[in-house]
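Here the structure comes first, spelled out in structure tokens, and everything after it is commentary.
In this note's numbering, the protein residues as written are 90 to 526.
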């Protein structure tokens, strides 16, 4: 190997931007694809898994990488945008090699892989892994404080990478993607093997896993929930938005559904049963039972404090619903809605009961999906109240739930893109392996 050839530790590549020759960003690095070789020859780096702005993951061959420097990757600009699909002979560095327990060949000591370095071969565009950064002592993982000695050894100085993911944890994968939005992390989980998906799900905290489950296809939701201990599965369901949790419970066998409901807090279980009583494609089936509800004597300052909650989605925080007590759904008499823009225009001491928007008729719980969609389109709404015959607020439907139910079942597998030449929208569903075939 030529002296002075650049060596890069893969941890420095996670999430860095990928640019074309014109300086336009095309995506970010999410993983490296390598091929293990016979004996102790260093693995060849086949390319990078790049996530485009559309969240599609494509394969970028190393032969099309012209430079890796200053926290960015420069490409030739010629990219195959069909979806990357891992092949049996390939390994993902972040997803499969980091955090692995391997053995130092010189001493027989078991160590944990913390990082790997890659280096470009002289006079070629080929890259290979050449060094392994390890920690001695017990397995630490990315989220544990471990004072064991660390050292860097040659690839040939360790053994154990060829074993099929035995005992490999999910900590480094979590550390790599901890800043991702739930929808993006869901996309990551969807494309992992079932084993790795279960490991990552088990390592996520309840709230994070709940957010991710809401963004996953139904089959993935059921698979992950089924691999959790029942008590934890109930906790995760409680942490989900009630409408999403009810949809998921509705897909389970009756015995499993009742067992999970019995493990939930009584109030949460009651909300689930109430939502499951409605047809799925109605306002009652779409709504959440936890909108922001205020009494008419609450102030604008009170309302603004409620919508500032960072855990609320933008659609849920778009407006507050003013009702007579009780404030828990089903509420007392629904009086009207106050939109957040109105809250920004009025003094903090203004009573919300004095600035109500009560002109629009609320949705009825049995309103069909086309009626709900028409309501949102006609009145430019992002959320709408659902009120029963007695005038009580039952919940609120948000535009994202309407879209979820109107899009095709496989919409997460379809990438929508804008044709720059015609300005029309098309779809792409092709798959690709690491050789771009």
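Don't be surprised by glycine CBs; every beta carbon is placed ideally from N, CA and C.
Whole-Å CB distance - residue i paired with residue j, under 8 Å assumed
i, j, result
"residue 420", "residue 482", "4 Å"
"residue 290", "residue 313", "5 Å"
"residue 200", "residue 223", "4 Å"
"residue 161", "residue 105", "6 Å"
"residue 121", "residue 102", "7 Å"
"residue 323", "residue 349", "5 Å"
Where residue i falls: helix, strand or coil (DSSP)
i, result
"residue 252", "Low confidence applies to residue 252: its pLDDT is 39, below 50, so where it sits in the model is not reliable, and the reading given next is rough at best. In this structure, residue 252 counts as coil in the three-state DSSP scheme."
"residue 237", "coil"
"residue 149", "strand"
"residue 119", "strand"
"residue 293", "coil"
"residue 473", "strand"
"residue 107", "strand"
"residue 229", "With a pLDDT of 48 at residue 229, under the threshold of 50, the modelled position of this residue cannot be trusted, and the question is left open."
"residue 410", "strand"
"residue 314", "helix"
"residue 461", "helix"
"residue 450", "coil"
"residue 101", "helix"
"residue 428", "strand"
"residue 139", "strand"
"residue 396", "helix"
"residue 383", "strand"
"residue 124", "strand"
"residue 160", "coil"
"residue 200", "strand"
"residue 190", "strand"
"residue 269", "coil"
"residue 434", "helix"
Cβ-based burial, residue i [other Cβ within 10 Å; buried from 16]
i, result
"residue 274", "buried"
"residue 380", "buried"
"residue 447", "exposed"
"residue 405", "buried"
"residue 256", "Residue confidence is low: residue 256 scores 40 on pLDDT, short of 50, so the model does not pin down where it sits. Its coordinate-derived value is still stated next. Per the 10 Å Cβ criterion, exposed."
"residue 378", "buried"
"residue 209", "buried"
"residue 320", "exposed"
"residue 408", "buried"
"residue 233", "Annotation note: pLDDT 46 at residue 233 (below 50); position unreliable, coordinate value reported separately. When all chains shown are included, residue 233 counts as exposed."
"residue 198", "exposed"
"residue 99", "buried"
"residue 436", "exposed"
"residue 258", "Bear in mind that the predicted position of residue 258 carries a pLDDT of just 49, short of 50, making it too unreliable to give a figure here."
"residue 460", "exposed"
Beta bridge counterpart(s) of residue i as assigned by DSSP
i, result
"residue 418", "Answer by DSSP bridge pairing: none, since residue 418 is not bridged."
"residue 220", "206 and 243"
"residue 481", "422"
"residue 180", "123"
"residue 440", "388"
Test: residue i CB closer than 9 Å to a CB of chain C
i, result
"residue 427", "Checking the listed chains, one finds no chain C in this structure; it contains a single protein chain."
Near the ligand ZN: residue i beta-carbon under 8 Å from a heavy atom
i, result
"residue 157", "Only the bare structure without any ligand can be found here, which leaves the ligand ZN out of the picture."
| said: Contact between the stretch 150-162 and the stretch 123-139 is defined here as three or more beta-carbon pairs at a separation below 8 Å; is this criterion met? | reply: Under the three-pair Cβ rule at 8 Å, the stretch 150-162 counts as touching the stretch 123-139.
| task | Kindly confirm or deny that the stretch 189-196 and the stretch 118-128 touch, where touching means at least three C-beta pairs closer than 8 Å. | result | Look at the beta carbons and you see the stretch 189-196 not touching the stretch 118-128: under three pairs across the two are nearer than 8 Å.
| Segment contact flag, the stretch 471-478 with the stretch 448-458, C-beta cutoff 8 Å, min 3 pairs | The stretch 471-478 is in contact with the stretch 448-458.
| said: Measuring CB atoms only, is the stretch 331-342 touching the stretch 358-374, in the sense that at least three cross pairs come out at less than 8 Å? | reply: Three or more pairs of CB atoms, one per stretch, sit closer than 8 Å, so the stretch 331-342 contacts the stretch 358-374.
| Is it true that the stretch 238-251 meets the stretch 110-117, where meeting means three or more beta-carbon pairs spaced less than 8 Å apart? | Proximity of the stretch 238-251 to the stretch 110-117 falls short of the contact definition, fewer than three beta-carbon pairs being nearer than 8 Å.
| field | Any 3 or more C-beta pairs closer than 8 Å across the stretch 368-376 and the stretch 453-466 | value | By the C-beta criterion, the stretch 368-376 is judged to be in contact with the stretch 453-466, since at least 3 inter-stretch pairs fall below 8 Å.
| field | Contact between the stretch 389-401 and the stretch 460-467 (3+ Cβ pairs under 8 Å) | value | At 8 Å Cβ cutoff, the stretches do not touch.
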